[in-house]
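Peer 1: Below: one structure in structure tokens.
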Amino acid sequence: MSLDVILFLLFAFLALVSAVSLIVQTHPIASALSLVGVMGSLAVLYLLLGAEFIAAAQMIVYAGAIMVLFVFVIMLLNAGAERGKGRSRLVKWLGIPIFAAFVGVLSFIIQSFLPKSAEVKFGTFTAAGGAEVGRSLFTTYLLPFEVTSILILIAIVGAVVLARKEI
Amino acid sequence: MTELLGNFYIISLIKAAIVAFVLLTALAYIQWVERKVLAHIQLRMGPYRVGPHGLLQPLADVIKLITKEDLLPPYVNRFFYLLAPFVAVFLALIAISVIPFGPEVNIFGVRTWLQLTDLKIGILFVLAISSVSVYGVALAGWSSNNKYSLLGGLRSSAQMISYELPLALALASPLLLLNTLSLREMVDAQAGYYFGFLPRWTIFQGPWPQIISFLVFLICGFAETNRVPFDLPEAENELVAGFHTEYSSMKFAAFFMAEYCNMVTFTAIATTLFLGGWTPLWPAEYGSNFLPAVILAFAGAVSLYHALNPARPFDRITLSAAGLIAFLLAALFLLPAAQPILLPLFWFVFKTGVLLFLFIWIRGTLPRFRYDQLMRFAWTFLFPLAILNLLVTGILVALYPGK
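Top line first, the protein sequences correspond to chains A and B. Counting in the working numbering, the first sequence runs from 54 upward without gaps. Counting in the working numbering, the second sequence runs from 259 upward without gaps.
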């Protein structure tokens, strides 16, 4: 087994564990940090594919900026741990089988949509350096890029307007 | 033997061990230097009792910290409380791995770079690590279950988010000039001289010298490393000790070490990005190769002079030993075989050291910002300034490419 495969298995496992822990945890901070774990493991998986720039962007934007804001707000509001509400008997008995069936159907559908021949190899995804991503953003995807920027600008203006009323 | 050393894994392990040893020792002694410099700024003596001129003080501090009782307060969130110092120190230490200390050298027949690893996205890696490292402080503040710690953690995360933006923008403008993300290639792009004497470092490089972004970068660096005048997360007179109030023994030492390690990483990045990394200040034709030897010989001469006219009886022994060591080091810097390895290292350490001294100097000079001043300064001054600088750099690079 090569080092690539070992690292892939390790971080894929880590991502799954973090994702499960994100749902299972009762405390908001623990959930938020599990999400950071998912994002960090995904960044390592991107790195294994060879998409270094996207891995770095994932860490800087999601784990570094957005999740820090999440954690900041949770800490500021001092949210406590959730308490279980006492589940209904239906959920207790049928929850896990229905979940398993759902995952099975989902994975079957995803697999049937995947092209059979294309095979992803470690380190072959080279067209994702800083220069390539920048070039395609400013040529092929210029319109979506600008539209997204304006969308974010609208969100910022909206946030300012909403916050103004409070002051 | 050469074949064994040429193996990628073995040579990486050796380099990592050397870098870790040097870095950890340096971290301990930067604290000694800081206490000494601060003391002299305030007309005190500083550490003086342990060893000559307090030189063994770092060792004594380490022993003290290890042997202190390791308290675990009963009301903390245990998992995150124990995780936080580990996160802080791990992220601080890992960032050093992409910094180039020197060019490719030939040691006993093995060719290797004086750098642990060269990533294609080197500078983004550092940025990612620095943006994630806020979790150490924020978690420590929150999990301690203490009002002052929580306030420290909150302040720290707000401050780090705010200063990350001007930092990233200030960092983007030299990248436009250098046209690469790899730290090794950045140093190569800054080699050479204008008019035969002015180095092509980014702060001097045309078409738009990056002096503004260098200053913005430094200011944001003070904020990111929680140093005076931006040390609000641990403001002693307001928050006891801020986010690390509840930590004792080695867990406290971990935060302390992380702060100093972040400082070293930061100055090393500033050196690489703006001050030309390990390239000398002026060309070798004008004798820049002899500078370290001259400095060391001068230090040796001063020590010997004071050893001959001792102020205290034991100075006769300690100072003459110090003088002899300085002369030996000066001779080492003149050896032609050692020069290709030692000179780049000297220039790198020299520039990083000057920046570290600046950090300490400012700590001894400026008072702390108030919280609203801190935020207003970042958002209404640094951020627009960095954007304008990026805009001007972008336009000029587009107009005069390749200059």
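In this text, a Cβ means the ideal position worked out from N, Cα and C, and glycines have one as well.
1. Just verifying my parser: in three-state terms, what is the DSSP assignment at Thr483/B?
2. Using C-beta distances below 6 angstroms, list every residue in its chain close to Pro305/B, excluding the 5 sequence neighbours before and after it, in chain order.
3. Per the DSSP calculation, Tyr452/B is bridged to which residue(s)?
4. Closer than 8 angstroms, CB to CB, is Phe226/B near chain A or not?
5. Are there any heavy atoms of the ligand ATP lying less than 7 angstroms away from the beta-carbon of Ala153/A, as far as the coordinates show?
6. Whole angstroms is fine: what's the gap from Leu425/B's alpha carbon to Ile461/B's?
7. Would you mind stating whether Leu206/B and Val356/B have Cβ atoms separated by less than 8 angstroms?
8. Just to make sure I have the definition right: I need the residues of chain A whose C-beta is within less than 9 angstroms of the C-beta of Lys378/B. Which are they?
9. Can you tell me whether Leu640/B is buried or exposed? The criterion is at least 16 other CB atoms within 10 Å of its CB, across all chains shown.
10. Kindly indicate which three-state DSSP category Val291/B falls into: helix, strand or coil?
11. What residues of chain B sit near Ile49/A, judged by a beta carbon separation below 9 angstroms?
12. With burial defined as no fewer than 16 other Cβ atoms inside 10 Å of the residue's Cβ, what is the status of Asp489/B: buried or exposed?
13. Assuming Ser402/B and Val334/B make a contact with CB atoms under 8 angstroms, what is their CB distance in whole Å?
14. Excluding the five sequence neighbours on either side, which residues of its own chain have a C-beta within less than 8 angstroms of the C-beta of Met92/A, listed in chain order?
15. Roughly how many angstroms lie between the CA atoms of Ser561/B and Phe615/B, to the nearest whole one?
16. My understanding is that Leu566/B touches Ala588/B, with C-beta atoms under 8 angstroms, so please give their C-beta distance in whole angstroms.
17. Identify which residue in Ser407/B, Asn547/B, Met521/B has its Cα closest to the Cα of Leu613/B.
18. Nearest to Ala398/B by CA position, among Ser415/B, Tyr287/B, Pro343/B, is which residue?
19. Ala65/A and Leu100/A - do their beta-carbons sit closer together than 8 angstroms?
20. Taking C-beta pairs closer than 8 angstroms, name the residues in chain A that Ile419/B reaches, listed in chain order.
21. Would you say Leu143/A lies against chain B (beta-carbon separation less than 8 angstroms)?
22. Between the region 381 to 400 of chain B and the region 499 to 515 of chain B, do three or more beta carbon pairs fall short of 8 angstroms?
23. According to DSSP, what are the bridge partners of Val368/B?
24. Taking Trp605/B as part of the alpha helix (DSSP H), name the residues at either end of that continuous run.
25. I'd like the span of the alpha helix (DSSP H) that includes Glu443/B, first residue to last.
26. Which class does Leu122/A belong to by DSSP, given the choice of helix, strand or coil?
27. Taking all protein chains shown into account, do 16 or more other C-beta atoms lie within 10 angstroms of the C-beta of Phe166/A, making it buried, or fewer, making it exposed?
28. Can you tell me whether Leu397/B is helix, strand or coil according to DSSP?
29. Since Gln448/B and Gly535/B should fall inside the 8 angstroms C-beta cutoff, what is the C-beta to C-beta distance between them, to a whole number of angstroms?
30. Does Gly581/B get closer than 8 angstroms to chain A when you measure Cβ to Cβ?
31. Label Asn364/B either buried or exposed according to how many other C-beta atoms from any shown protein chain fall within 10 Å of its C-beta, with 16 as the threshold for buried.
32. Tell me whether Val126/A is buried or exposed, calling it buried when 16 or more other Cβ atoms sit within 10 Å of its Cβ.
33. Taking the alpha-carbon of Arg628/B as reference, which of Glu496/B, Ala286/B, Val277/B has the nearest alpha-carbon?
34. Quick one: is Ile203/A buried, meaning 16 or more other Cβ sit within 10 Å of its Cβ, or exposed?
35. Is Phe359/B helix, strand or coil by DSSP?
Peer 2: Working from what's here:
1. For the purposes of this step, residue 483/B is taken as the residue at position 225 of the second sequence. Three-state DSSP puts Thr483/B in coil, outside helix and strand.
2. On the second sequence, residue 305/B is found 47 positions in, with the first residue counted as 1. The beta carbon of Pro305/B lies closer than 6 angstroms to those of Arg293, Gly312, Gln315 in the same chain, with the five residues before and after it left out.
3. Reading the second sequence from its first residue, position 194 is the one you call residue 452/B. Residue pairing of Tyr452/B in beta bridges, as defined by DSSP: Leu456/B.
4. This structure cannot settle anything about residue 226/B, because the visible part of chain B is limited to 259 through 661.
5. In terms of ligand content, the structure shown is empty, and the ligand ATP therefore cannot be addressed.
6. Counted from its first residue, the second sequence places residue 425/B at position 167. Counted from its first residue, the second sequence places residue 461/B at position 203. Using only the alpha carbons, I get a separation of about 16 angstroms.
7. The structure shown has nothing for residue 206/B, since chain B only spans 259 to 661.
8. Position 120 of the second sequence, counted from the first residue, corresponds to residue 378/B. Around Lys378/B, the beta-carbon contacts reaching into chain A at under 9 angstroms are Glu105, Phe106, Gly182, Gly183.
9. Translated into the one-based positions of the second sequence, residue 640/B becomes position 382. When all chains shown are included, Leu640/B counts as buried.
10. Within the second sequence, residue 291/B is the residue found at index 33, counting from 1. For Val291/B, the secondary structure class from DSSP, reduced to helix, strand or coil, is helix.
11. Examination of residue 49/A is not possible in this model, given that chain A is present from 54 through 220 alone.
12. Stepping through the second sequence from its first residue, residue 489/B is reached at position 231. Buried, by the Cβ-count rule.
13. As a working note, residue 402/B is residue 144 in the second sequence. As a working note, residue 334/B is residue 76 in the second sequence. With a contact defined as Cβ atoms closer than 8 angstroms, Ser402/B and Val334/B qualify at about 6 angstroms.
14. Reading the first sequence from its first residue, position 39 is the one you call residue 92/A. Within the same chain, Met92/A has close Cβ partners Gln111, Met112, Tyr115, Ala116, Met120.
15. The residue labelled residue 561/B in the question sits at position 303 within the second sequence. The residue labelled residue 615/B in the question sits at position 357 within the second sequence. The C-alpha of Phe615/B is placed about 22 angstroms away from the C-alpha of Ser561/B.
16. In the second sequence, residue 566/B corresponds to position 308, counting from 1. In the second sequence, residue 588/B corresponds to position 330, counting from 1. Rounded, the Cβ-Cβ distance is 19 angstroms, inconsistent with contact.
17. Numbered from its first residue, the second sequence carries residue 613/B at position 355. Answer by Cα proximity: Met521/B.
18. Looking up residue 398/B in the second sequence gives position 140. Comparing Cα-Cα distances from Ala398/B to each of Ser415/B, Tyr287/B, Pro343/B, the minimum goes to Pro343/B.
19. By 1-based counting over the first sequence, the position of residue 100/A is 47. By 1-based counting over the first sequence, the position of residue 65/A is 12. Judged by beta-carbon spacing, Ala65/A lies beyond the 8 angstroms limit of Leu100/A, meaning their Cβ atoms are not closer than that value.
20. Here residue 419/B refers to the residue found at position 161 of the second sequence. From the beta-carbon of Ile419/B, the residues of chain A found nearer than 8 angstroms are Ala118, Val121, Leu122, Phe125.
21. Within the first sequence, the letter at position 90 stands for residue 143/A. Chain B, which has no Cβ nearer than 8 angstroms to the Cβ of Leu143/A, makes this no.
22. For the pair of segments examined, the region 381 to 400 of chain B was found to touch the region 499 to 515 of chain B: the number of CB pairs separated by less than 8 angstroms reaches three.
23. For the purposes of this step, residue 368/B is identified with residue 110 of the second sequence, where counting begins at 1. In DSSP, Val368/B forms a bridge with Ile365/B.
24. Position 347 of the second sequence holds residue 605/B. DSSP places Trp605/B inside the alpha helix (DSSP H), whose first and last residues are 597 to 623.
25. Indexing the second sequence from 1 puts residue 443/B at position 185. Per DSSP, the continuous alpha helix (DSSP H) segment holding Glu443/B begins and ends at 441 to 447.
26. Within the first sequence, numbered from 1, the residue matching residue 122/A stands at position 69. Three-state result, Leu122/A: helix.
27. Position 113 of the first sequence holds residue 166/A. Phe166/A is exposed by the Cβ-count criterion.
28. The residue you call residue 397/B lines up with position 139 of the second sequence. Three-state result, Leu397/B: helix.
29. Sequence index remark: in the second sequence, residue 448/B carries index 190 (1-based). Sequence index remark: in the second sequence, residue 535/B carries index 277 (1-based). About 7 angstroms separates the two Cβ atoms, so the contact holds.
30. Sequence index remark: in the second sequence, residue 581/B carries index 323 (1-based). Taking Cβ atoms only, chain A never reaches closer than 8 angstroms to Gly581/B, which makes this a no.
31. Taking the first residue of the second sequence as position 1, residue 364/B is located at position 106. Exposed is the call here.
32. As a first step, residue 126/A is located in the first sequence; it is residue number 73 there, counting from the start. It is exposed - the Cβ of Val126/A has fewer than 16 other Cβ atoms within 10 Å.
33. Reading the second sequence from its first residue, position 370 is the one you call residue 628/B. Of Glu496/B, Ala286/B, Val277/B, the smallest CA-CA separation from Arg628/B is found for Glu496/B.
34. Along the first sequence, read from residue 1 onward, the residue named residue 203/A stands at position 150. By the neighbour-count rule (16 or more Cβ atoms within 10 Å), Ile203/A is not buried but exposed.
35. In the second sequence, residue 359/B corresponds to position 101, counting from 1. Three-state DSSP puts Phe359/B in coil, outside helix and strand.
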